[in-house]
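Visitor:
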Amino acid sequence: RGGVAQFSPTADGRISLTPDEDAELAAKLAFEGYAPVGESLYFINPSACNASWFNSRLTYTATIGDHVFYA
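The sequence shown begins at 1 in UniProt numbering and counts up one residue at a time.
Below is the structure:
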């Protein structure tokens, strides 16, 4: 509809691929309750957006790759 997909696997069709072993392990760990970012509800990629208010209004919890997580 002229919009932008929020999730790249939806936009580029990867959502239809068969998951590999890493993806299956990640899903299994998440289902079992493993939470490497704790109680985080929000994340940003600081190199892709300017969301400086995250640092002043939310509690930093973790960084994984290019993503910074907050609660």
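For each residue, glycine too, the CB sits at the ideal point set by N, CA and C.
No experiment lies behind these values; they were computed from the predicted model shown.
#1: Relative to the C-alpha of LEU41, which residue among PHE69, ALA23, ALA51 and SER56 is closest?
#2: Would you mind working out which of THR63, GLN6, SER52 and PHE7 sits nearest GLY38, comparing C-alpha positions?
#3: For the beta strand (DSSP E) containing THR61, name the first residue and the last one.
#4: Determine the direct distance from the alpha carbon of THR61 to that of TYR34, and round the result to whole angstroms.
Guide: So, from the data block:
#1: PHE69
#2: THR63
#3: 60-64
#4: 15 Å
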